[in-house]
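A.B. asks: Chains as they are written, first to last, in our numbering: chain D, 5 to 550; chain L, 30 to 288; chain B, 240 to 548.
1) If you reduce the DSSP assignment to three classes, tell me which class residue 231 of chain L lands in.
2) So what's residue 359 of chain D in DSSP terms, helix, strand or just coil?
3) Are the region 469 to 488 of chain B and the region 314 to 326 of chain B in contact at 8 Å, needing three or more beta carbon pairs?
4) Does the Cβ of residue 135 of chain D have 16 or more other Cβ atoms within 10 Å, making it buried, or fewer, making it exposed?
5) Give the C-beta separation of residue 269 of chain D and residue 304 of chain D to the nearest angstrom, bearing in mind that I take them to be a contact with Cβ-Cβ under 8 Å.
6) Whose Cβ in chain L lies nearer than 9 Å to the Cβ of residue 464 of chain B?
7) Check whether chain D comes within 9 Å of residue 105 of chain L, counting only Cβ atoms and requiring the distance to be less than that.
8) What do you reckon, are the CB atoms on residue 99 of chain D and residue 328 of chain D nearer than 9 Å?
9) Who are the near neighbours of residue 278 of chain B in its chain, counting only those whose CB is closer than 7 Å to its CB and skipping five residues on each side?
10) Which residues of chain L have a Cβ atom closer than 7 Å to the Cβ of residue 515 of chain D, listed in chain order?
11) Smallest Cα separation from residue 287 of chain L: which of B:441, B:288, B:303, B:470?
12) In angstroms, rounded to a whole number, what distance separates the CA positions of residue 40 of chain D and residue 440 of chain D?
13) Please decide whether residue 152 of chain L counts as near chain B, where near means a Cβ-Cβ distance under 9 Å.
14) Which class does residue 33 of chain L belong to by DSSP, given the choice of helix, strand or coil?
15) If the cut is a Cβ gap below 7 Å, which residues of chain B does residue 117 of chain L touch?
16) If distances are taken between C-alpha atoms only, which option among D:476, D:452, D:363 comes closest to residue 109 of chain L?
17) Spell out a yes or no on whether the region 406 to 413 of chain D and the region 338 to 358 of chain D are touching, meaning 3 or more CB-CB pairs, one atom from each, closer than 8 Å.
18) Report all residues from its chain with a CB closer than 6 Å to the CB of residue 315 of chain D; omit the five preceding and five following residues, and keep chain order.
19) Restricting to Cα atoms, I'd like to know which of D:355, D:120, D:384 is closest to residue 22 of chain D.
20) Could you pull out every unbroken beta strand (DSSP E) segment of at least 3 residues lying fully inside the region 397 to 478 of chain B, listed in chain order?
21) Look at the alpha carbon of residue 384 of chain B and the alpha carbon of residue 356 of chain B, and state the distance between them as a whole number of angstroms.
22) Give me the DSSP bridge partner(s) of residue 120 of chain D.
23) List, from N- to C-terminal side, the alpha helix (DSSP H) runs of 4 residues or more that fit wholly inside the region 168 to 231 of chain L.
24) For the beta strand (DSSP E) containing residue 177 of chain D, list its first residue and its last residue.
25) Measure the Cβ-Cβ separation of residue 425 of chain B and residue 394 of chain B and say whether it is below 9 Å.
26) Which residue marks the beginning of the alpha helix (DSSP H) containing residue 30 of chain D, and which one marks its end?
27) Report buried or exposed for residue 47 of chain L, applying the criterion of at least 16 other Cβ atoms within 10 angstroms of its Cβ.
28) Is residue 271 of chain L buried or exposed, if buried means 16 or more other CB atoms sit within 10 Å of its CB?
29) Quick check: the region 257 to 272 of chain B against the region 439 to 455 of chain B, are there 3 or more CB pairs under 8 Å?
30) Considering just the uninterrupted stretch of the alpha helix (DSSP H) at residue 415 of chain D, what are its terminal residues?
31) For residue 436 of chain D, count neighbouring Cβ atoms within 10 angstroms of its own Cβ and tell me buried if that reaches 16, exposed if not.
32) Can you round the beta-carbon distance between residue 147 of chain D and residue 174 of chain D to whole angstroms, since I take them to be within the 8 Å contact cut?
33) Restricting to Cα atoms, I'd like to know which of D:81, D:31, D:285, D:154 is closest to residue 356 of chain D.
34) For residue 144 of chain D and residue 123 of chain D, which I take to be in contact (beta-carbon distance under 8 Å), what is that distance rounded to the nearest angstrom?
35) Determine the chain B residues that contact residue 32 of chain L at a beta-carbon separation under 9 Å, and present them in chain order.
36) Have a look at residue 278 of chain L and residue 285 of chain L and give me their C-alpha separation to the nearest angstrom.
Okay, here's the thing in structure tokens:
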């Protein structure tokens, strides 16, 4: 048990102890208090257990009554198409197409875009019933903001295929979209007989360029898309689609209920010119992923050709699928499994605040400052130690609960929004970083306030309470968004795995997992608070007598 | 008992902490209520499903944290200095000491809570009509003469007092103030957070029925009572059960453990 | 109520560590009983058990014939000072005494009386957090005196006191004992108790090593040796040996004589006209006596540890 201790370089007499020595000293202080180590381990365990509880508490049933035999669990997993990037997509539309070689173009004039929608039932009934199987709802005339019609070059007619498209939309003017997640604006204004829109797509290998024009002679380029994996014979043609009609109403209790239904868009095309098409092939009309048991509300479709003009009617959407009220089937996100982080975080915040306030309880601070008189350095060393420990705790907890939780959730028949590996890593590592920075914030609050009860309460209230107020919609949504921008809670944005796509008309609410700030921006807000608190703490530490 | 009460009362009024915490609890409650009320508006021509009474009492969510600190420090403060041994030397009946502390915390919180709740309601009464919640829109000005509003207001005051007792019990159990506060805020805040991500509505409802805060704050609802996870008074009863359980466990440990 | 403390066969363990191992002793009224032993011997634990702060695993402790929990107004029966630092720092000394007084149903007048008695009048209205250690001790003593109790128990009351304070403390304890109170004072420094305690309970390893009066202890440690200083050592040695004493020359003009009382030594030397400048009975210091006792305890401890293996 006896060991000869040779002084490290940092501890050599003659010079002041270096930062490394102070960090080592603080690390020894931390690991020799059993309660703190236990607290950190408890944080990991609680985070994992709560996450798995939340994952395991879902009971999905499907089928029955109209949809065949009742099923539960994994048998209920919806067959959701995934786009080229691996993301879940909705890919339902009507497509009038013919094969296109690796070099060619398609040009059209669009003269009209009209639509109607089918509000289903009253509030509370989410119109998940496929069109046709339920009593026919009455139609209301009107376009959806993101009803769209135009031209498309697609890798194939399979749902989730790679594509690029130029289109007119209900309220967002001309757009170029490709591979579901990309969206570029073109000419503004809506289309009509008096102000038609000319659209063009040219293909050169994998590279597709989109142009628009208001007169058919003056063209401007809207954007280019490199569509990977486009086969030498792709499908080019006209499409129309219209996303679900969605109305969300908030109730008094802070919850919300939505009513939704299918919608249809009909577009008039003229001057269809196709170059690079295989000779002797005509147009084929096809509803893409519009089967009756589709997971997205659709309402028929078709096309008419009269000479050079086409009328195409379609229903559905060509867009990424998102969780929350906009989703038409039960979904979970990978970060749903991280709900336990709040419990773990509270334990971490308690330990972190005490890591400093305990110094004041019995006058230990005077010994500490006698050993390392540079007060800023002591705080920095403590921040390094608690930050590192908290990072590991958060990383381990998230690293356990996310992969296992995803499997459990899927096994129960709940669809988990797929994300790229990079995103999953960002969510897991980001959780570690979030816990670490929150711990440093709590430490700094502890150093500034010196009293454990007040420091712990402040840390929890500034980090957790805003989340609760916003998520449980205790304050109105607008106020909730500001809470999630301006308080340390903003840091939780780092856990958001599905981005809020602007090309979808769905409510991106906090409790559906959408934060008003981008992941790293939100995290930066939390870091800003931690830095501010550290600054105030150093100032007070230097100014006050120990 | 009266000696214990007088001793504890002397302790409370001879340090500045408790008084400041009570002032802070009132200020925080009113401030958050004012913010919540000011951030809410009802644009003309739209139906606003807002429970104006509940909105005006939003501040209780924050005020309860300060009430919890006060109650925790009444016990943990003595443990951290070691003064608890002097207390138990002067008053060897430990349960009596806990009871005396409970009586005083309850009394102080009831007084401060009344001010805080009235402040919140006053903010709602003054600000909300200017934000579209006017009589013309079908929103009556907030008034305690309205039965459900009176119930929500009185219930919120009782809610704060029960939070104080719950905190006292937890502090008697864990003794350390930081840990006690952590446990209490976790108890309060975690149930609703876990409930929001629980996908099964049945579990979600159960969580809201047993969570001390989610159940207790059902007392604030004046509209949509039918869709509440638990009825107002039953919800307050759930919180009462939590407080009673914590006090019981705390008292038992206080008696069994060496001081 | 009789003013006594009785501790009988108290055992207490904290986890694997045995703190009290059959501690038994009594404290009688009218005298100051010193409670001494090395650090960790169980003095503070014993006092906590007496005050019912810690529950003994076995045995019991009574004050005035009753368990402490049964006392209706405990501070009027036992005054105690355990840890002078155990204060809410933000409360003034006077207010600290005030809540204690309220807890016993005592009037505010009594608070001012004990403040005067403890010599705290100047500091009483300042925050206790700013007190020096000595001032905290005085505040603790004031708290102990609040109920004018017949029994007083103090844990290391000399800690942090300046020499003036120590002298004051000794006189204070003696005067309280003279009023018939039973006083138990612990210390790990015997010197502090030398002129204060009448009786000693010496403890080590959680049990009593010696329970004796101060006089007996010193006499036992001193033996019957007499120191003689003379200008004619050889003559003195001859005379004293003849009188039946054992004589050792300790230095050129000093002799240590045993087996003959001081008075008889003087008589023998005077009779033969042997010159001497000093004859005095050797008086062992309390430290010497204590070291002798605890050395035994240490040896016993080492032997016990070996046989246990």
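We treat Cβ as the ideally placed atom computed from N, Cα and C, and that holds for glycine. If you're wondering where the values come from, they're calculated on a predicted model, not measured in any experiment.
C.D. replies: Let me lay it out:
1) helix
2) Look at residue 359 of chain D here: in three-state DSSP terms it is helix.
3) no
4) Its pLDDT being 41, under 50, residue 135 of chain D is placed unreliably by the model, and the measurement read from it follows with that caveat. Residue 135 of chain D is buried by the Cβ-count criterion.
5) Wrong, their Cβ atoms sit about 12 Å apart, outside the cutoff.
6) Those do not exist, as residue 464 of chain B stays about 46 Å from chain L at its closest Cβ, beyond 9 Å.
7) yes
8) no
9) 427
10) By Cβ distance, chain L contributes 225.
11) For residue 287 of chain L, the nearest C-alpha among the options comes from B:288.
12) 15 Å
13) no
14) Here DSSP, grouped into helix, strand and coil, assigns residue 33 of chain L to helix.
15) 292
16) The residue with the shortest Cα to Cα distance from residue 109 of chain L is D:363.
17) yes
18) 272, 308
19) D:384
20) 421 to 426, 438 to 443, 446 to 452, 465 to 468
21) 9 Å
22) For residue 120 of chain D, DSSP records a beta bridge to D:145, D:268.
23) 176 to 203, 206 to 226
24) Neither: residue 177 of chain D is in no beta strand (DSSP E) and is coded neither H nor E.
25) Cβ distance < 9 Å, so residue 425 of chain B and residue 394 of chain B count as in contact.
26) 23 to 35
27) buried
28) buried
29) Counting C-beta pairs closer than 8 Å gives three or more between the region 257 to 272 of chain B and the region 439 to 455 of chain B, which meets the contact rule.
30) 379 to 415
31) buried
32) Right, the Cβ-Cβ distance comes to about 4 Å (below 8 Å), so this counts as a contact.
33) D:31
34) 6 Å
35) 312, 341, 342, 343, 344
36) About 11 Å.
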